[in-house]
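A.B. asks:
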Amino acid sequence: MAHLLDPQWEGASTEGPASPMPHIAGNRLILDVYLDGCERFLQVTENPTSDLAEVEFLRLSSNDAMITSAVADLPRFSHLRSLVLKGGHFRDDYGRCQNGLLTTLPPDIGQLSLLRHLDLSFNSFSELPPCISALSLLTTLHLGYNQLRTLPDDIGDLKFLTDLSLMSNQLVALPAGIGQLKNLEKMDLSENRLACLPGEVGTLQQCIHLDLSGNNLANLPETLCNMISLQELYLHSNVLVAVPAGLACLPHLSRLDLQNNRLRTVPIEIIQCSCAFLQGNPIGEPESSPPSEDERQRLEIKELYVKPEEKSFCVTPDGCRIFLPHGFHLCFPPGAVSYPTRIHYQILLPDLQHVRLGHHDVLLSSTLELQPHGLQFHQDVEISIPFAFLKPMPKREVVIRTFSDCSGSWMDLSTTTKEKSMHETLASCKTTHFSWFLVVSRLVEDRRKVPKEGELLFSSVDQNIRVEFPPGATAETRTVRMQVLPISKQVLDKITGDSESSTSPLLCLSQSSAANFLSPVKIQLPLPPGVTGNTLDRSHLFLLHGDPRAQTWTDITNQVVLQITHIYAHFQVDHFSWYWLWYTTKSYVGELAKNVYKRLRMYQVNFVALQRKRDPEQVLLQCVPKHKVDSTVKRLQDRYKGPEPSDLVELVEGEQFFCNIRARPKARPDCVDGRICFVFYSRMKNMKEVYVTSSADRIEKDVKGQVSFYRESIPEGLPEEVTKHRKGSRSDWMATLPIKLPKMKYPNGENDRQRSNHSLPPLNIGNPEMGYLTETNLLSIARQIGSDWMNIGIKLGLPYHELERFRFNNSKDLHQLILDMIFLWARNNSAQPDCVQNLVQAMRDSKRNDIADEIEDVIKLGKEKYTQSIRRVGLDQGNSSEDSAIAMSQS
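Start counting the sequence shown at 1; every next residue gets the next number (the UniProt record's numbering).
1) Assign phenylalanine 709 to one of three DSSP states: helix, strand, or coil.
2) Using three-state DSSP, classify glutamine 483 as helix, strand or coil.
3) Scan the region 139-190 and note each continuous beta strand (DSSP E) run of 3 residues or more that stays entirely inside, going in chain order.
4) Is it the case that the Cβ atoms of glutamine 611 and valine 624 are separated by a distance below 8 Å?
5) Rounding to the nearest angstrom, what Cα-Cα distance links glycine 786 and proline 308 in this structure?
6) Would you call the region 203-212 and the region 222-235 touching, i.e. three or more CB-CB distances under 8 Å?
7) Would DSSP call valine 633 helix, strand or coil?
8) Helix, strand or coil: which one does DSSP assign to tyrosine 681?
9) Assign proline 625 to one of three DSSP states: helix, strand, or coil.
10) Just to confirm my understanding: we take valine 840, look at its own chain, exclude 5 residues before and 5 after, and list those with CB closer than 7 Å. What are they?
11) Would glycine 533 and histidine 566 be called neighbours here (beta carbons separated by less than 8 Å)?
12) Have a look at Lys452, Ala173, Pro350 and Leu456 and flag the residue whose alpha-carbon is nearest the alpha-carbon of aspartate 446.
13) Cutting at 7 Å between CB atoms, please list the residues of its own chain near tryptophan 825, excluding the five before and the five after it.
14) So, leucine 247 versus leucine 278, is the Cβ gap smaller than 8 Å?
15) Let me know if lysine 86 comes out buried or exposed under the rule of 16 or more other beta-carbons within 10 Å of its beta-carbon.
16) Roughly how many angstroms lie between the CA atoms of isoleucine 283 and tyrosine 603, to the nearest whole one?
17) Short check: CB of valine 461 to CB of lysine 395, under 8 Å?
18) Excluding the 5 residues preceding and the 5 following residue 909 in the sequence, name in chain order all residues of the same chain whose CB lies nearer than 7 Å to its CB.
19) Do you know whose CA, among Val71, Thr103 and Ala65, lies nearest residue 904's CA?
20) Whole angstroms is fine: what's the gap from alanine 609's alpha carbon to glycine 654's?
21) Using the beta-carbon count (16 or more within 10 Å), is glycine 374 buried or exposed?
22) Please state whether DSSP places arginine 827 in a helix, a strand or coil.
23) Taking the alpha-carbon positions, what's the phenylalanine 122 to methionine 684 distance?
24) Using CA coordinates, which residue listed in Leu250, Glu287, Pro286 and Pro244 is at the minimum distance from proline 267?
25) Looking at C-alpha atoms only, which residue of Lys311, Ser312, Pro317 and Glu310 is the closest neighbour of lysine 302?
26) Between Tyr568, His545 and Leu364, which has its C-alpha nearest asparagine 558's C-alpha?
27) With DSSP collapsed to three states, give me the class of alanine 70.
28) Please list, in chain order, all residues of the same chain as phenylalanine 332 whose beta carbon is under 6 Å from its beta carbon, the five residues on each side excluded.
29) From the DSSP output, in three-state form, read off glutamate 39 for me.
30) Quick one: grab the DSSP three-state call for valine 858.
31) For a test of the three-state rule: what should DSSP assign to phenylalanine 806, helix, strand or coil?
32) Buried or exposed, going by whether 16 or more other CB atoms sit within 10 Å of the CB of phenylalanine 808?
33) On the three-state DSSP scale, how would you describe threonine 45?
34) Going by the DSSP bridge assignment, what does tyrosine 579 pair with across the sheet?
35) Would the region 133-152 and the region 163-175 be scored as touching if the rule is three or more Cβ pairs under 8 Å?
36) Determine the extent of the alpha helix (DSSP H) in which asparagine 777 is found, giving its start and end residues.
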């Protein structure tokens, strides 16, 4: 089923007779928000009273079947200044934008002499229409997501062009005429097939932003260093083997992105450039051999798109690329398996059960589970996982974490990242086994193998930190890992309120062996800011040792020999842990460090409890980091209403908390003793929708309730007023927000008992392997639908005239109307194997995720019961097992 990309389409009507002819609003004619926008456009052009000369801004959808006819009438709009003929308004089952139908433009388009802005993105152009070069006043030209293979040399005739977007095309080269665009300020050529750049590109001296990422560039012309206005240069995800040193000398450059290339040597000027990003390059590694025949075959293997309702796929010895829903990719090279193998997958929401985070780790993605676990492949399989956009930080890195069945522990894989667009980033790794995979951001880890001959390890985060291993420190080679957490004095002052305290960076050292070193290892830490060896008071200097989990800090100043130079402190240890140098006048430094460390891991958040405007019983609960609160509430305010967000509360990444609702929610699998369980992740949505019911009588009056958020257990035996105002650093209570369920409006004096006494025919939809929905489940679903019934009915594929019949027959009884609709659909579709999945998708498309989640929970429980019954009784998957599964689902 196609999905609507633009949120403005939600208001577009597909029902009833054609909408009346639109009127020109001032100088604008915006028609891409209508499904029949081009038909409306033709009505305008046929209307002799329309003043077409007044229109300066025009938008049409090129996904519309009548776009070709509409484009033929465009030359009549002689004063047009901005023209948008974009596709991409629909998405396919895999979430990909569907391109528009335009492949060319009529020559008369060149007569739009006043046109300044032209957007032809998401279409099917294989070459640039000649008429575009005649638009001499054009300043903005967007042609992204087409199939352009070449550009004409006369593109240089667009002398006033300032913004040129050609991303995601098939360009293999650029014409020399590109250098004639003297006024160009922004050019996006990402995701093409460019193998080289013309030297004329260096004449674009007004260009500020240049994106060449995702191409096949191996070298760059030296003239690129002449683009003196350049501020952002993106060259990541190419095949660069060399870069000009002069790029580091560009006077205004603020970002030079060279990640994920093939750079083995880099000019020292680039390495020392603070705005250069070089992660994902084999710097310092020996030259690799030419690609083998198998590697060349990898580029030609077939592609397989897995539909959302499919939960498995088959891999053959020929290899394939697998595209899973929600942007997950897998690449199986030829020979990865010896025989056809079926792989099962599921995409899991973040949960403590399958997420393992260390201190200062940040979760960035959902979890991808691939089964069977531990399955070994003959060659590495590449896995790509989309993750929440995270601004690159030089002191953090993104890795894919997986569970190793061999060692029984979690491990981080060698990972590369690729920015596909402003809002989409992929993390990729290679693995020979299957398990759980997720993306995390962690402190940069420096890793080095230490032989018995000794070694010297520097921190890539802070060059002042080093660890010296003398000869004989270890009898056999062991792997040593180093992480550094810099702490600014401003942050420390804010936490402690003590301007006289300062600290060194926090150093974490670990190793592959549990044994102590045979000889002392020497560690160098920089002295805290503002302190030098000539001025410090030794009585105020403390060296703290943290346990492996950094829960406690012990003063070891008197247990080691601290050697102080002008800017460094040196000491020796025989085992590894966390080390922290403090300069403070406080005497309780261990407890002070513990509190500071705890605060460094905290996020300030607000809690939100909003009720759906059309159905107040649907309550949205969310925990939002403070910097996202305003944008989150603004995005939801059209559909939800509620109190202001709560006061600020501090939570740790991965911390579990609970929500209690005075008006009890329906039973849910994520409820623990009547409380809804959450796990806070700073980069996730932390959102749940619940359907609230009340035992109070809502026939006579509104019912007031509240939503309370707690750490751990709910305090018992407290009066309501005390509970509302209970605060403090040691309190389990975090926030309370009010909700109100309005008075029920039953027609003809019906009460709730009468309304719920409907006769329900026996009915089961689904199958034993995928789980069943019974008539009881369907009744529960119907009770929650409310005023969304029409939209859900359309998404279920019910004819409009049938929905109107339901409305006519039950004009005074909404509940019976919904029951009739749901049970009619269920009876007509019960034999379809994917009917339950279609019901879930209809709920999600109608933005009723609360109902969709409940259905999936029921199905999951039914599948578990079916599996247990098979194992317990030993039944075959025949009629008897099917009857047993139905009976268990009904229970």
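Don't be surprised by glycine CBs; every beta carbon is placed ideally from N, CA and C.
C.D. replies: If we stick to the structure as given:
1) One-based indexing of the sequence shown puts residue 709 at position 709. Reduced to three states, the DSSP call for phenylalanine 709 is strand.
2) As a working mapping, residue 483 is identified with position 483 in the sequence shown. DSSP places glutamine 483 within a strand segment (E or B) once states are collapsed to three.
3) Fully enclosed beta strand (DSSP E) runs of 3 or longer: 140-142, 163-165 and 186-188.
4) In the sequence shown, the residue the question calls residue 611 occupies position 611. In the sequence shown, the residue the question calls residue 624 occupies position 624. No; because the gap between Cβ atoms is not below 8 Å, this pair is not in contact.
5) For the purposes of this step, residue 786 is identified with residue 786 of the sequence shown, where counting begins at 1. For the purposes of this step, residue 308 is identified with residue 308 of the sequence shown, where counting begins at 1. About 27 Å.
6) The region 203-212 is in contact with the region 222-235.
7) If you number the sequence shown from 1, residue 633 lands on position 633. Judged by DSSP in its simplified three-state form, valine 633 adopts helix.
8) Residue mapping note: residue 681 aligns to position 681 of the sequence shown, counting from 1. Residue state, collapsed to three classes: coil.
9) Position 625 of the sequence shown holds residue 625. In the structure shown, proline 625 sits in a strand (DSSP, three-state: E or B).
10) For the purposes of this step, residue 840 is taken as the residue at position 840 of the sequence shown. Ala852, Ile855 and Glu856.
11) To locate residue 533, count along the sequence shown from 1; it is residue 533. To locate residue 566, count along the sequence shown from 1; it is residue 566. Cβ distance < 8 Å, so glycine 533 and histidine 566 count as in contact.
12) Counting from one through the sequence shown, the residue named residue 446 turns up at place 446. Ranking Lys452, Ala173, Pro350 and Leu456 by Cα distance to aspartate 446 puts Leu456 first.
13) Locating residue 825 in the sequence shown gives position 825, counting from the first residue. Answer for tryptophan 825: Leu796 and Leu798, listed in chain order.
14) Along the sequence shown, one-based indexing puts residue 247 at 247. Along the sequence shown, one-based indexing puts residue 278 at 278. Annotated as distal: leucine 247 and leucine 278, with beta-carbon spacing of 8 Å or more.
15) Walking along the sequence shown from the start, residue 86 turns up at place 86. Note on lysine 86: 16 or more other CB atoms within 10 angstroms of its CB, so buried under the neighbour-count rule.
16) Your numbering for residue 283 matches position 283 in the sequence shown. Your numbering for residue 603 matches position 603 in the sequence shown. When rounded, the distance between both Cα atoms is 36 Å.
17) As a first step, residue 461 must be located in the sequence shown, where it is residue number 461. As a first step, residue 395 must be located in the sequence shown, where it is residue number 395. The Cβ atoms of valine 461 and lysine 395 sit closer than 8 Å to each other.
18) With the chain running from 1 to 891 in the structure shown, residue 909 is simply not present.
19) Absent from the structure is residue 904, since the part of the chain shown begins at 1 and ends at 891.
20) Walking along the sequence shown from the start, residue 609 turns up at place 609. Walking along the sequence shown from the start, residue 654 turns up at place 654. Each residue's Cα considered, the two are about 21 Å apart.
21) Position 374 of the sequence shown, counted from the first residue, corresponds to residue 374. Burial state of glycine 374 is exposed, judged by a 10 Å Cβ sphere holding fewer than 16 other Cβ atoms.
22) Within the sequence shown, the letter at position 827 stands for residue 827. Correct three-state label for arginine 827: helix.
23) Locating residue 122 in the sequence shown gives position 122, where the first residue counts as 1. Locating residue 684 in the sequence shown gives position 684, where the first residue counts as 1. Going by the C-alpha atoms only, they are around 30 Å apart.
24) Here the question's residue 267 lines up with position 267 in the sequence shown. The candidate whose alpha carbon is nearest that of proline 267 is Pro244.
25) Taking the first residue of the sequence shown as 1, we reach residue 302 at position 302. Minimum Cα distance to lysine 302 is reached at Pro317.
26) Numbered from 1 along the sequence shown, position 558 holds the residue referred to as residue 558. For the residues Tyr568, His545 and Leu364, the minimum Cα distance to asparagine 558 belongs to His545.
27) On the sequence shown, position 70 is the one that residue 70 refers to. Alanine 70: helix per DSSP, three-state reduction.
28) Within the sequence shown, residue 332 is the residue found at index 332, counting from 1. The answer, listed in chain order, is Val315, Gly319, Cys320 and Val381.
29) Here residue 39 is taken as the residue at index 39 of the sequence shown, counted from 1. The answer is helix: DSSP assigns glutamate 39 an H, G or I state.
30) The residue labelled residue 858 in the question sits at position 858 within the sequence shown. Helix.
31) For the purposes of this step, residue 806 is identified with residue 806 of the sequence shown, where counting begins at 1. In the three-state reduction of the DSSP assignment, phenylalanine 806 falls in the helix class, which pools H, G and I.
32) In the sequence shown, counting from the first residue as 1, residue 808 sits at position 808. With fewer than 16 other Cβ atoms within 10 Å, it is exposed.
33) For the purposes of this step, residue 45 is identified with residue 45 of the sequence shown, where counting begins at 1. Judged by DSSP in its simplified three-state form, threonine 45 adopts helix.
34) Position 579 of the sequence shown holds residue 579. In DSSP, tyrosine 579 forms a bridge with Leu507 and His545.
35) Yes, since at least three Cβ pairs between the region 133-152 and the region 163-175 fall closer than 8 Å, the two stretches touch.
36) Residue numbering aside, residue 777 sits at position 777 when the sequence shown is read from its first letter. According to the DSSP assignment, asparagine 777 belongs to the alpha helix (DSSP H) that extends over 775-785.
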